[in-house]
Amino acid sequence: MGNLKELYQEVILDHNRSPRNFREIADTPHHAEGHNPLCGDNITVWVELDGDVISDASFIGNGCAISKASASLMTQAVKGKRVSEAKELFKSFQKLVTGRVSPEESKDLLGKLILFAGVSQFPVRVKCASLSWHTMNAALEDAAEPVTTE
Ligand code: ZN
């Protein structure tokens, strides 16, 4: 367990320090804002669609290390996926961080994202980890209202 914990921290810290896809996508209509008032995380997510494929995904935001690392890893995970696949990922990620499936069960689908399994023990952190996913989902649906975890 020690090694997994270290790896978990290392990946989270790395993505927090240098988040991937941390930029705006200027030309896409698909974007949404998300807020997690409990922790103070704020995020905007952009997705660019090519037919039903997510050709690009990005975010800008400020918040805790978990929310930022989760958003960073999410943009990497959904890029190149079909919208339906991204929504499946979202569902599986939700199940993982709420402790409804084990990391072993979700490993094949979620890959690196199983590192967030540890947050299931901390309800506040579940919201930090899932904020970006809820926001991406809203971006895909062109939601006008900001997403809030409350
Ligand atoms: Zn947070």
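Numbering (numbering that gives the first Met the number 0), first residue to last: 0 to 149. In this text, a Cβ means the ideal position worked out from N, Cα and C, and glycines have one as well. A quick note: this is a predicted structure, and the numbers were derived from the prediction, not measured.
Is Ser69 closer than 7 Å to Ala128 when the C-beta atoms are compared?
In this structure, Ser69 lies closer than 7 Å to Ala128 by Cβ.
Measuring alpha carbon to alpha carbon, tell me which residue in Arg22, Arg124 and Gln75 is nearest Gly39.
Measuring from the Cα of Gly39, the nearest candidate turns out to be Arg124.
Reducing DSSP to helix, strand and coil, say where Met0 ends up.
Caution applies to Met0, whose pLDDT of 44 falls short of 50 and renders its modelled position unreliable; the model cannot decide the point.
What residue range is occupied by the uninterrupted alpha helix (DSSP H) comprising Val96?
From DSSP, the alpha helix (DSSP H) with Val96 extends over Val82 to Val96.
Give the DSSP-derived three-state secondary structure of His34 in the structure shown.
His34 falls in the strand class under three-state DSSP.
Alpha carbon to alpha carbon, what distance is there between Val118 and Leu12?
Their Cα atoms are separated by approximately 15 Å.
Out of Ala116, Glu149, Glu23 and Thr148, which has the shortest C-alpha to C-alpha gap to Gly98?
For the residues Ala116, Glu149, Glu23 and Thr148, the minimum Cα distance to Gly98 belongs to Ala116.
With respect to the alpha helix (DSSP H) encompassing Glu104, which residues constitute its N-terminal and C-terminal limits?
Unbroken alpha helix (DSSP H) run through Glu104: Pro102 to Leu109.
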